[in-house]
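Chemist:
In my numbering, the protein residues as written are 7 to 457.
(1) Out of 304, 190, 125, 228, state which residue places its alpha-carbon closest to the alpha-carbon of residue 155.
(2) Please work out which residues of its chain come closer than 6 Å, Cβ to Cβ, to residue 297, disregarding the five sequence neighbours upstream and downstream, and give them in chain order.
(3) Which value, in whole angstroms, describes the spacing of the CA atoms of residue 36 and residue 30?
(4) What did DSSP end up calling residue 405 once you bin it into helix, strand or coil?
(5) Between which residues of its own chain and residue 323 is the CB-CB distance below 6 Å, once the five residues before and five after are set aside?
(6) Could you check what DSSP says for residue 86 in three-state terms: helix, strand or coil?
(7) For the stretch 60-80 and the stretch 95-102, state whether three or more C-beta atom pairs, one from each stretch, are separated by less than 8 Å.
(8) Quick check on DSSP: helix, strand or coil for residue 214?
(9) I'd like to check one pair, residue 60 with residue 125: are the Cβ atoms closer than 8 Å?
(10) Using alpha carbons as the reference points, say which of 49, 85, 48, 80 lies closest to residue 64.
(11) For the structure I just gave you, are there three or more beta carbon pairs, one from the stretch 135-153 and one from the stretch 170-181, closer than 8 Å?
(12) Report yes if the CB atom of residue 109 is closer than 8 Å to the CB atom of residue 56, and no otherwise.
(13) Could you name the residues of the same chain whose beta carbon sits closer than 6 Å to that of residue 121, not counting the 5 residues immediately before and after it, in chain order?
(14) Which runs of the alpha helix (DSSP H) spanning at least 4 residues fall entirely within the stretch 268-353, listed in chain order?
(15) Just to check my reading of the structure: residue 70 and residue 53 have Cβ atoms closer than 8 Å, yes? What is that Cβ distance to the nearest angstrom?
(16) Counting contacts by CB-CB distance shorter than 8 Å, is residue 115 in contact with chain B?
(17) Kindly list the residues whose CB is nearer than 7 Å to the CB of residue 134, restricted to its own chain and excluding five residues on each side of it in sequence; keep chain order.
(18) Secondary structure at residue 3, three-state DSSP: helix, strand or coil?
(19) Would you identify the three-state DSSP class for residue 20, choosing helix, strand or coil?
(20) Which of helix, strand or coil does DSSP assign to residue 193?
(21) Please return the same chain residues whose Cβ sits closer than 8 Å to the Cβ of residue 194, not counting the five positions on each side in sequence.
(22) Where in the stretch 153-211 do unbroken runs of the beta strand (DSSP E), each at least 3 residues long, occur, reported from the N-terminal end onward?
(23) Inspect the beta-carbon positions of residue 161 and residue 188 and report whether they are closer than 8 Å.
(24) In the DSSP assignment, find the unbroken beta strand (DSSP E) run with residue 57 in it and report its ends.
(25) Relative to the alpha-carbon of residue 117, which residue among 168, 163, 175 has its alpha-carbon at the smallest distance?
(26) Inspect the beta-carbon positions of residue 465 and residue 51 and report whether they are closer than 8 Å.
(27) Can you grab the Cα-Cα spacing for the pair residue 317 / residue 356, in whole Å?
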């Protein structure tokens, strides 16, 4: 600030951050030699000096007049003017085509003193009021031509008119530079009404949209359900086809199992029949084959088999010997009746004498031929000499009948085919051998008679 001797006529406590409406900070009256500058004023303040002729000299910052210069021009007063930029915001009510409704204009502006001498000369002390007055003066005739619901049109027309190059800018007559913007809107009742209408429109649009989307949603659900049904049907058909194929394959497997089971049963029956035939043959052949079969399955019973065979052989020999003794010692029978039994007894004796024990070397010298008793001429033929009907005496014995000679004593060659070095005892049958092509004389001998 200027360092002056007299107190200022006007001073407002303002600094950089103060909201100003008057840029003139101080006003002082000056005497001829009253200006004494001892300190610098603020850098953004201008000094405007008034002359006795009513003129104003402005010293923009940082230019300051000297003492001699001030005394020479005889300044009478000094104005300290703030040249900073000051923002301001205000709302104006502008009329519409209907006086019942008014537009609400929101103005944001910033002003700055660019001509301090011009501003001091204008004499204005309230810059926002000056600017808003100019706006109202230019805007009110324009906004009356627009309805309350056409705030956008009124705003565009107002901006076009105020920014016309042929029209002086706001505050230019007072030496001000103004940057401003304006926004027109309806009054509060109209805004609330439009908000309610908009809410209704929005609700209706939402409902319509919800219905449309609901229909689309239902259609999509129906399409998806149909698609799922088709997929399930295809899946069921596929499963049914697979089940049918599995059933056919299972039936084929079952039939194959039945055939295999039938074949297996037939094979078991055939094996059982063969076993029955084999066992029957063994049983028909006699004790030796049966004992051989037993030893084949139970080799540990060898001693038991040998002891049993020896015991059976001993009993058979004892029985035959007792029978032969009784027949030969009894004198009630005729000679021709005893011929056949004696012959059989003698054959049995020869067989016993010719029999070798198991494990003993066989006597290679054959037994002497059994003595044949002479038959009387007048003796009747015996039962063994009577041929069967249609059969001669010299015919071989029928198939299946075995004489004692053939059953008890076989040749060395025949027994060697099955049991080398051993001959089956009498009464135990014979081991299976190959049948001879020619019948032997022993085949004509009759079977052992019943005692």
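Note that beta-carbon positions come from the ideal geometry of N, C-alpha and C, so glycine has one too.
Modeler: To lay it out plainly:
(1) 190
(2) 311
(3) Spanning the two alpha carbons is a distance of roughly 17 Å.
(4) Because residue 405 sits at a pLDDT of 38, beneath the cut-off of 50, its placement in the model cannot be relied upon, and the following sentence gives the value as read from the coordinates. Note: residue 405 maps to coil in three-state DSSP.
(5) 358
(6) strand
(7) no
(8) helix
(9) no
(10) Of 49, 85, 48, 80, the residue nearest in Cα terms is 85.
(11) yes
(12) no
(13) 181
(14) 293-303, 308-335
(15) 7 Å
(16) The question asks about chain B, but that chain is absent: this structure has only one protein chain.
(17) Apart from sequence neighbours up to five positions away, the residues of its chain that approach residue 134 with a beta-carbon distance below 7 Å are 27, 94, 96, ordered along the chain.
(18) Residue numbering for the chain in the displayed model covers 7 to 457; residue 3 lies beyond these limits and cannot be assessed.
(19) coil
(20) In this structure, DSSP gives residue 193 a state outside helix and strand, which the three-state scheme calls coil.
(21) 110
(22) Considered as a whole, the stretch 153-211 harbours 182-191 as its complete beta strand (DSSP E) runs of no fewer than 3 residues, in chain order.
(23) yes
(24) Where residue 57 is concerned, there is no enclosing beta strand (DSSP E), given that its DSSP letter is neither H nor E.
(25) 175
(26) Absent from the structure is residue 465, since the part of the chain shown begins at 7 and ends at 457.
(27) Straight through space, the alpha carbons of residue 356 and residue 317 are spaced by roughly 20 Å.
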